[in-house]
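Peer 1:
In the working numbering, the protein residues as written are 15 to 377.
#1: To the nearest angstrom, report how far apart residue 388 and residue 68 are at their CA atoms.
#2: Of the choices 245, 152 and 170, whose alpha-carbon is the least far from that of residue 267?
#3: Under three-state DSSP, which class holds residue 121?
#4: Assuming residue 113 contacts residue 107 under a Cβ cut-off of 8 Å, what Cβ separation, rounded to an integer in Å, is found between them?
#5: Select from 273, 285, 45 and 160 the residue whose C-alpha is nearest the C-alpha of residue 213.
#6: Have a look at residue 165 and residue 123 and give me their C-alpha separation to the nearest angstrom.
#7: So, for residue 50: in the same chain, excluding its five sequence neighbours on each side, which residues have a beta-carbon less than 6 Å away from its beta-carbon?
#8: Three or more beta-carbon pairs under 8 Å between the region 200–213 and the region 231–244, yes or no?
#9: Can you find the residues in the same chain that come closer than 8 Å, C-beta to C-beta, to residue 26, ignoring five residues on each side of it along the sequence?
#10: Can you look up residue 67 in the DSSP assignment and give me helix, strand or coil?
#11: Where do the N-terminal and C-terminal ends of the alpha helix (DSSP H) with residue 39 fall, by residue?
#12: What separation, rounded to the nearest whole angstrom, lies between the Cα atoms of residue 70 and residue 98?
#13: In this structure, how does DSSP classify residue 278 when only helix, strand and coil are distinguished?
#14: Quick one: using the 10 Å Cβ neighbour count with 16 as the cut-off for buried, is residue 226 buried or exposed?
#15: Between residue 139 and residue 168, which are expected to be in contact by the criterion C-beta below 8 Å, what is the C-beta distance as a whole number of angstroms?
#16: Does residue 148 pass the burial test, meaning 16 or more other C-beta atoms within 10 Å, or should it be called exposed?
#17: Locate the beta strand (DSSP E) running through residue 161, then write down its first and last residues.
#18: Is residue 251 helix, strand or coil by DSSP?
#19: In the DSSP output, which residue or residues are listed as bridge partners for residue 94?
#20: So who's on the other strand from residue 241, going by DSSP bridges?
#21: Cβ of residue 59 less than 8 Å from any chain B Cβ?
#22: Distance check for residue 181 and residue 125, CA to CA, integer angstroms please.
#23: Could you give the distance in angstroms between the alpha-carbon of residue 330 and the alpha-carbon of residue 339?
#24: Going by other Cβ atoms of all chains shown within 10 Å of its Cβ, with 16 needed for buried, is residue 274 buried or exposed?
#25: Hey, residue 259 and residue 269: beta-carbon distance below 8 Å or not?
#26: Are residue 111 and residue 127 closer than 8 Å when you measure CB to CB?
#27: Using C-beta distances below 8 Å, list every residue in its chain close to residue 254, excluding the 5 sequence neighbours before and after it, in chain order.
#28: Per DSSP, which residues does residue 155 bridge with? Please list them.
#29: Within the continuous alpha helix (DSSP H) that includes residue 366, where are the two ends?
#30: Report the option in 341, 354, 334 and 344 whose CA atom is closest to the CA atom of residue 376.
#31: Beta-carbon within less than 6 Å of residue 137's beta-carbon, same chain only, minus the 5 sequence neighbours each way: which residues are those?
#32: Where does residue 57 sit, in a helix, a strand or coil, going by DSSP?
#33: Could you tell me the distance, in whole angstroms, from the CA atom of residue 249 to the CA atom of residue 262?
#34: Within this structure, are the beta carbons of residue 30 and residue 76 separated by less than 8 Å?
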């Protein structure tokens, strides 16, 4: 077990000083060097950088008993603390204006400095959106890009699964301490990420799911990445915050278009109007990044299905959600036949039943 005199204790202890935020932390590092030198500085010198209140807190120090849970957590070989002074610290984050001084890591350290792509989107994703997220992420992962997302429900979770299925795995940047899984429905996914990918947080152990922490973690999601792909987003959503941060950080932004009638497509369409790259397949992203893809997409017709895999109802279904009455009118089939075919297509996983008795094609 680590002792309170270790470097990690100094770094983490300093972050727990009341009133000392990340910006002040970085000011101290620039002024004095690493935390041990900061602790050794005089009150007068410290107050000149961060003010009297914080300077008093630094001189008083942190009760090392408060660090005991951290030392116990670090007893697990999969758990780590990475600081700005460590070689393992993600070099991509050093390019952003506000890199976190400390990162808590669960899982693979080697992924932190791999080329990566952020994939984000709606928590209330459609079945098609979730399949797009998983498929794009798997292809990008197989092409050498680690998939970074926020482990939320919907698009994030599907992106992580696709990344884990691919060759380059996935990183989840979370808005809680790493001893808390949020949302709880993603417990199995969090376990898989800890085993085969990486979980990252800038928040100390015990930090609960506070609303203001989630927009904050978004800068790390895009900061770790070469670009940000948005798959389904309402016009006011956290995914658009991530996209805006990506632009501010000089990252590429990509968006998948959708139905003009879908509320979760309007955010993507807004991004495209503002200059985001419209993408229809993973290779569109790889080409824009001038990245060499290891796998080419399967050739398909414009509906996204092999020519020998057509179904008489699919042409009538189209891509927008549609009801049974409209399908009956479009196809010329009886309502009984349409209902039977819809059930079969749903069982085959080729369409999804949506609220309101609507159906949507899944490509």
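Quick reminder that beta carbons are idealized off the backbone N, C-alpha and C, glycines included.
Peer 2: If we stick to the structure as given:
#1: An answer regarding residue 388 cannot be provided, because it is not within the stretch 15 to 377 covered by the chain.
#2: Within the chain shown, residue 267 is the residue found at index 253, counting from 1. Among 245, 152 and 170, the Cα nearest to that of residue 267 is on 245.
#3: Start at 1 with the first residue of the chain shown, and residue 121 comes out as number 107. In this structure, residue 121 counts as strand in the three-state DSSP scheme.
#4: Position 99 of the chain shown, counting from 1, holds the residue named residue 113. Position 93 of the chain shown, counting from 1, holds the residue named residue 107. Residue 113 to residue 107, Cβ: 4 Å. Contact.
#5: On the chain shown, position 199 is the one that residue 213 refers to. It is 160 whose Cα lies nearest to the Cα of residue 213.
#6: Walking along the chain shown from the start, residue 165 turns up at place 151. Walking along the chain shown from the start, residue 123 turns up at place 109. Rounded to whole angstroms, residue 165 to residue 123 spans 18 Å at the Cα level.
#7: Residue numbering aside, residue 50 sits at position 36 when the chain shown is read from its first letter. Once the five neighbours on either side are set aside, the close Cβ partners of residue 50 are 24.
#8: no
#9: The count along the chain shown starts at 1 and reaches residue 26 at position 12. Correct list, in chain order: 81, 84, 95, 116 and 218.
#10: On the chain shown, residue 67 is found 53 positions in, with the first residue counted as 1. In the structure shown, residue 67 sits in a helix (DSSP, three-state: H, G or I).
#11: Within the chain shown, the letter at position 25 stands for residue 39. 36–46 is the span of the alpha helix (DSSP H), which, as asked, contains residue 39.
#12: By one-based count along the chain shown, residue 70 stands at place 56. By one-based count along the chain shown, residue 98 stands at place 84. Between residue 70 and residue 98, the C-alpha separation is close to 24 Å.
#13: The sequence position of residue 278 within the chain shown is 264, counting from 1. Reduced to three states, the DSSP call for residue 278 is coil.
#14: Within the chain shown, the letter at position 212 stands for residue 226. Under this definition residue 226 is an exposed residue.
#15: For this step, residue 139 is matched to residue 125 along the chain shown. For this step, residue 168 is matched to residue 154 along the chain shown. Yes, they are in contact, since the Cβ atoms of residue 139 and residue 168 sit about 4 Å apart, within 8 Å.
#16: Locating residue 148 in the chain shown gives position 134, counting from the first residue. By the 10 Å Cβ count, residue 148 comes out buried.
#17: Taking the first residue of the chain shown as position 1, residue 161 is located at position 147. 160–163 is the span of the beta strand (DSSP E), which, as asked, contains residue 161.
#18: Indexing the chain shown from 1 puts residue 251 at position 237. Note: residue 251 maps to coil in three-state DSSP.
#19: As a working note, residue 94 is residue 80 in the chain shown. Answer by DSSP bridge pairing, in chain order: 119.
#20: Along the chain shown, read from residue 1 onward, the residue named residue 241 stands at position 227. Bridge partners of residue 241: 266.
#21: The question asks about chain B, but that chain is absent: this structure has only one protein chain.
#22: By 1-based counting over the chain shown, the position of residue 125 is 111. By 1-based counting over the chain shown, the position of residue 181 is 167. Using only the alpha carbons, I get a separation of about 12 Å.
#23: Working through the chain shown from its first residue, we reach residue 330 at position 316. Working through the chain shown from its first residue, we reach residue 339 at position 325. Cα to Cα, residue 330 sits roughly 11 Å from residue 339.
#24: Looking up residue 274 in the chain shown gives position 260. Residue 274 should be labelled exposed.
#25: The count along the chain shown starts at 1 and reaches residue 259 at position 245. The count along the chain shown starts at 1 and reaches residue 269 at position 255. No.
#26: Locating residue 111 in the chain shown gives position 97, counting from the first residue. Locating residue 127 in the chain shown gives position 113, counting from the first residue. Their beta carbons are not under 8 Å apart, which means residue 111 does not touch residue 127 by this criterion.
#27: Translated into positions along the chain shown, residue 254 becomes position 240. Excluding residues within five positions, the ones whose Cβ falls inside 8 Å are 244, 247, 281, 284 and 285.
#28: For the purposes of this step, residue 155 is identified with residue 141 of the chain shown, where counting begins at 1. Looking at the DSSP assignment, residue 155 forms no beta bridge with any residue, so it has no partner.
#29: As a first step, residue 366 is located in the chain shown; it is residue number 352 there, counting from the start. Segment 365–368 is the beta strand (DSSP E) holding residue 366; no alpha helix (DSSP H) there.
#30: Looking up residue 376 in the chain shown gives position 362. Ranking 341, 354, 334 and 344 by Cα distance to residue 376 puts 334 first.
#31: The residue you call residue 137 lines up with position 123 of the chain shown. Excluding positions up to five away in sequence, the list reads 166, 167 and 168.
#32: Within the chain shown, numbered from 1, the residue matching residue 57 stands at position 43. Three-state DSSP puts residue 57 in a helix.
#33: Here residue 249 corresponds to residue number 235 of the chain shown, with the count starting at 1. Here residue 262 corresponds to residue number 248 of the chain shown, with the count starting at 1. Going by the C-alpha atoms only, they are around 19 Å apart.
#34: Sequence index remark: in the chain shown, residue 30 carries index 16 (1-based). Sequence index remark: in the chain shown, residue 76 carries index 62 (1-based). Result yes, Cβ atoms of residue 30 and residue 76 sit closer than 8 Å.
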